[in-house]
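**Student:**
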Amino acid sequence: MTSVRAQNQMTSGSSPSTLFESETICQSYKDLCPPLHRRSKSLGSDGLRLRAQADGLRLRHTPAKICKEAVLVLDLDKTSIFGNDGNDFGISLQWMEKPDRAVQDLYKLLISPCVRPALEDLKSRAGKVDVVIYTRRPQVLKYQSCFRDCVVPIHYKSDWHHDGQLYLPGSIRCSDEVIKTYCGPELLEDEVNDVKKSLERLIAARDALTETLGLDVNPTVVVTATDKCVEDTVKHLDLADGNAFLFDDNTALQYDPKTIVVPPFEALPEARRRELLFFMEEHLPAAELDEELVEYLEGARAEEKAIEWDAARGSYKWRIPVAATPMKPWKLPMLKSDASPWERASDSGFGMPPWANSPLAPEHKAKPTLIGPSKQPLTSKSNACLSPVTPELADIPAGNARVDLRAVAERAAKLREEQAVRV
125 MTSVRAQNQM TSGSSPSTLF ESETICQSYK DLCPPLHRRS KSLGSDGLRL RAQADGLRLR
185 HTPAKICKEA VLVLDLDKTS IFGNDGNDFG ISLQWMEKPD RAVQDLYKLL ISPCVRPALE
245 DLKSRAGKVD VVIYTRRPQV LKYQSCFRDC VVPIHYKSDW HHDGQLYLPG SIRCSDEVIK
305 TYCGPELLED EVNDVKKSLE RLIAARDALT ETLGLDVNPT VVVTATDKCV EDTVKHLDLA
365 DGNAFLFDDN TALQYDPKTI VVPPFEALPE ARRRELLFFM EEHLPAAELD EELVEYLEGA
425 RAEEKAIEWD AARGSYKWRI PVAATPMKPW KLPMLKSDAS PWERASDSGF GMPPWANSPL
485 APEHKAKPTL IGPSKQPLTS KSNACLSPVT PELADIPAGN ARVDLRAVAE RAAKLREEQA
545 VRV
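Once you know that position 89 of the sequence shown is 213 in my numbering, the rest is easy, because the numbers rise by one and skip nothing.
(1) So, residue 214 versus residue 428, is the Cβ gap smaller than 7 Å?
(2) Is residue 423 helix, strand or coil by DSSP?
(3) Starting from residue 233 and walking both ways along the alpha helix (DSSP H), at which residues does that stretch end?
(4) Using CA atoms only, rank isn't needed, just tell me which of 192, 189 and 199 is closest to residue 375.
(5) Would you kindly work out how many angstroms separate the C-alpha atoms of residue 325 and residue 233, rounded to a whole number?
(6) Taking C-beta to C-beta, are residue 461 and residue 190 nearer than 7 Å?
(7) Pair every Cβ in the segment 331-341 with every Cβ in the segment 298-310, then say whether three or more of these pairs are closer than 8 Å.
(8) Identify, in the order they occur along the chain, each residue of the same chain with its Cβ nearer than 7 Å to the Cβ of residue 411, setting aside the five sequence neighbours on each side.
(9) Quick check: the segment 338-348 against the segment 286-298, are there 3 or more CB pairs under 8 Å?
(10) Helix, strand or coil, according to DSSP, for residue 249 in the structure here?
(11) Kindly indicate the opening and closing residues of the beta strand (DSSP E) around residue 277.
(12) Along the chain, where does the beta strand (DSSP E) that runs through residue 368 open and close?
(13) Going straight from the alpha carbon of residue 447 to that of residue 431, what length do you get?
(14) Out of 355, 421 and 328, which one is the CA nearest neighbour of residue 343?
(15) Can you give me the Cβ contacts of residue 321 inside the same chain, cut-off strictly under 6 Å, excluding the 5 residues immediately before and after it?
(16) Near residue 261, which residues of its chain fall below 7 Å by C-beta distance, leaving aside the five closest residues on each side in sequence?
(17) Does the structure place the segment 267-280 close enough to the segment 351-368 that three or more beta carbon pairs sit under 8 Å?
(18) Can you name, in chain order, every residue of its own chain whose Cβ lies under 6 Å from the Cβ of residue 220, other than the five neighbours on each side?
(19) Rounded to whole angstroms, how far is the Cβ of residue 254 from the Cβ of residue 456, which I believe are closer than 8 Å?
(20) Run through DSSP, which three-state label would residue 329 get?
(21) Alpha helix (DSSP H) containing residue 550: first to last residue?
Structure, rendered in structure tokens:
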């Protein structure tokens with residue numbers, strides 16, 4: 125009697141021809157169950173990259189665009205720019221009649237370092253990104269006059285006003301172009317100058333954002349005196365509102381699905397603080413401020429004061445808070461995809477079914493879903509699954525390079541049955 129060990133030795137030393145009845149079946153098995161491809165251990169990621177470069181290939185990943193268009197809506201004060209309108213730094217330069225260029229250069233130093241990364245992220249996920257400035261400044265629309273102790277409603281070109289909001293086109297270059305269109309109640313000369321200076325600071329902030337973000341054209345500036353409504357504002361600008369989001373420091377908007385609440389920008393990074401302090405001391409030393417200006421600046425809120433008394437020097441100095449920790453990037457929204465589920469799967473690296481891109485005639489698209497080999501219409505009486513049936517390989521249009529894995533699996537199973545019958 126042959127022992128079990130001897131049988132095992134005989135089996136292990138047997139050739140493929142003794143295990144299978146014929147070489148044909150052996151080959152068929154190899155065709156149906158090909159050997160798995162194993163990763164070569166001789167080449168790491170660096171080796172693969174070098175080989176690709178040697179073959180003239182470039183390995184790169186281009187992320188798919190989630191949507192065609194998105195809208196970046198930016199609040200100004202304590203969001204896109206430092207403090208409340210720059211914490212009176214701009215007003216100080218204007219009060220002391222410094223050149224307009226100095227005011228424009230000032231606002232470039234007040235832009236938040238979080239703005240540009242937010243735009244770049246949206247650009248990586250959307251085909252086109254529009255930028256809109258949305259600020260709540262009641263003084264621009266309802267001017268509180270300190271000369272007559274009354275509120276004056278401000279009204280410019282009628283096309284610029286809608287639902288109580290002011291829409292300043294990006295084509296506006298200076299405050300004079302806005303003042304020319306004024307058609308509200310008559311203003312005193314000092315009031316006109318005050319309104320004009322307010323517009324100059326607003327336009328300077330817009331221009332600084334345009335340069336920082338690298339925009340080709342100036343964004344529209346929307347000014348409101350009441351609560352903000354992102355959806356209505358974006359629709360009025362004829363922009364896609366599906367992926368429009370406002371970045372604002374106002375915590376009262378935290379439950380608005382169109383608003384991303386960000387930390388208030390009330391302190392500068394150390395390097396930017398030194399740069400701003402040097403700029404202000406160069407253009408307007410705090411020790412040389414007008415007495416009336418000092419009185420005005422002292423009336424600001426404690427956290428927004430631009431000056432403070434320096435007992436060691438016996439004079440005022442500029443007050444610029446420094447950030448205790450590095451500024452964190454803004455939280456960014458998830459964008460809604462305007463692609464079909466099949467297109468999203470394809471962008472993620474999955475193959476689309478052959479019929480998804482087939483150039484079918486309109487009358488064919490209206491036909492009911494077919495089931496089973498007989499391709500009878502699916503009805504409520506049909507005892508079948510609800511998923512569409514994969515068409516036969518012969519029905520796939522020529523030129524479609526995508527492979528129907530389900531159909532291949534079905535044909536492989538059929539071949540196995542035929543081979544079993546032969547055996």
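Where is the CB? At the ideal position from N, CA and C, for every residue including glycine.
**Tutor:** Put simply:
(1) no
(2) coil
(3) 224-233
(4) 199
(5) 14 Å
(6) yes
(7) no
(8) 439 and 440
(9) yes
(10) helix
(11) 274-277
(12) 368-372
(13) 17 Å
(14) 328
(15) 218
(16) 347
(17) no
(18) 408
(19) So it is not a contact: roughly 16 Å between Cβ atoms.
(20) helix
(21) The requested residue 550 is not part of the displayed model; the chain covers only 125 to 547.
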